[in-house]
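Engineer: Residue numbers (numbering that gives the first Met the number 0), protein chains in the order written: chain W, 0 to 78; chain C, 0 to 225.
Here a beta-carbon is modelled for each residue, glycine too, at the ideal position from N, C-alpha and C.
The structure under discussion is supplied below as structure tokens; questions concerning it will follow.
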Amino acid sequence: MTVLATILIAVMIAAAVATSVFKDLMNAVIACAAVSLIASVLFYLLDAPDVAMAEAAIGAGLTTAIFVLAIRKTERYER
Amino acid sequence: MRRAAALVLLAVLATGLAFALAAIPFGRDKIDVANHYIRSGVQETGATNLVTSVVVNYRGLDTLGEVTVLFVGAIGVGVMLFGRPTHRGSGREEASIIVATGSRLLFPLILLFGIYVLLHGHLTPGGGFQGGAVIASAFLLLYLARPGQTLSRAKLGAAEAAGGLVFVLVGVLGLFVAGHFLQDFLPKGRPGVLLSAGVIPLVYVAIGVKVGSELARIIGDLMETD
């Protein structure tokens, strides 16, 4: 559990940094979805299945779709 | 220079936050309210899922506020995209046969799972918000498989209004029957069976319908306009 959690948290931090560094917003959105997905796994490991469910469905699923659709309507690259 | 100043400021902020968070006794028995919920939550609300008993029963007013926030967000998206030309499925790539077939098979199953999650919110993990989000993601899949898909705005709006109305009506009934807004006025029943926990299943179905139709509407607004 601790080893798994450590690895997950390390990947999550890397994805969070990548989200803010990427200039291609599509890549940033995918990295952001990875943060949400790992957060939901961590919530589950911490015995909070209710929050894990909400995070997986809303954070990793719907928010990503809404961001992708918003990028399609605006611009893909950060200036 | 400005960059260095920003880095120093960030470092100071991070250290301060680290010390402040280290002082909070996470996970230890400290808070009387939490202990009360754990000890007598099932007797007082009839819900075996304590998270739900807090979300819908003890802190129902906060949940009403959350639902309102989501409602305002959906209105914001609708207002921003209002008046944009809607596409008629032309000029857009058709989904591949794998996506189209897979989503046609998965759509009813995801819908069923969403309804299960929101109906059993007082018994197992999940509830109105989670179930509503699952239902909305089923509609997202439908849009991905059939780019020309359109959903009836009027029906989604009616479902959304009905969900909100039921939630507020349950609250007002609680005010008249039991004396406080959103107070539980139905019998608790036997904990662990589907029809138990007073108004919780009713409120969570209302929230699920409202959240599901709202999120589906946001996605529909974004997908159907150019």
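1. Contact defined as beta carbons within less than 8 angstroms: I believe residue 61 of chain W pairs with residue 69 of chain C. What is the distance between those atoms, to the nearest angstrom?
2. Go through its chain and collect everything with a Cβ distance to residue 148 of chain C's Cβ below 7 angstroms, but skip five positions before and after it.
3. Evaluate contact between the stretch 40-51 of chain W and the stretch 108-126 of chain C, counting only Cβ atoms and requiring at least three cross-stretch pairs below 8 angstroms.
4. Under 8 angstroms, with one C-beta from each stretch per pair, do the stretch 160-167 of chain C and the stretch 0-12 of chain C reach the 3-pair mark?
5. List, in order along the chain, the chain W residues whose C-beta lies closer than 7 angstroms to that of residue 39 of chain C?
6. With DSSP collapsed to three states, give me the class of residue 47 of chain C.
7. Flag residue 36 of chain W as yes if its beta-carbon sits less than 8 angstroms from any beta-carbon of chain C, otherwise no.
8. Please return the same chain residues whose Cβ sits closer than 8 angstroms to the Cβ of residue 180 of chain C, not counting the five positions on each side in sequence.
9. So residue 57 of chain W contacts chain C; which residues on that side make the cut at Cβ distance below 7 angstroms?
10. Alpha carbon to alpha carbon, how far is residue 39 of chain W from residue 3 of chain W? Give it in angstroms, no decimals.
11. Would you mind reading off the limits of the alpha helix (DSSP H) that contains residue 22 of chain W?
12. Between which two residues does the alpha helix (DSSP H) holding residue 187 of chain C run?
13. Could you pull the DSSP bridge partners for residue 85 of chain C from this structure?
14. Can you name the start and end residues of the alpha helix (DSSP H) that residue 7 of chain C belongs to?
15. Going along chain W in order, which residues have a C-beta closer than 8 angstroms to the C-beta of residue 69 of chain C?
16. Which residues in the same chain as residue 55 of chain W place their Cβ atom closer than 6 angstroms to its Cβ, once the five residues preceding and following it in sequence are excluded?
17. Could you tell me which of C:177, C:216, C:165 and C:188 sits nearest to residue 203 of chain C, measuring between CA atoms?
18. Please state if the CB of residue 209 of chain C and the CB of residue 196 of chain C are separated by a distance shorter than 8 angstroms.
Structural biologist: The short version:
1. Contact doesn't hold; Cβ gap of about 11 angstroms is too wide.
2. 141 and 142
3. Contact between the stretch 40-51 of chain W and the stretch 108-126 of chain C is present, because at least three Cβ pairs lie under 8 angstroms.
4. Contact annotation: the stretch 160-167 of chain C does not touch the stretch 0-12 of chain C, with fewer than three C-beta pairs closer than 8 angstroms.
5. Ordered by position in chain W, no residue passes the 7 angstroms Cβ test against residue 39 of chain C, which lies about 20 angstroms from the chain.
6. coil
7. no
8. 60, 170, 171, 173 and 174
9. 132
10. 14 angstroms
11. It is not in any alpha helix (DSSP H) - residue 22 of chain W carries neither H nor E in the DSSP assignment.
12. Segment: none, residue 187 of chain C is in no alpha helix (DSSP H) and carries neither H nor E.
13. Bridge partners of residue 85 of chain C: C:224.
14. 1-21
15. The contacting residues do not exist; residue 69 of chain C stays about 10 angstroms from chain W at best.
16. 39
17. Ranking the options by Cα distance to residue 203 of chain C, first place goes to C:165.
18. no
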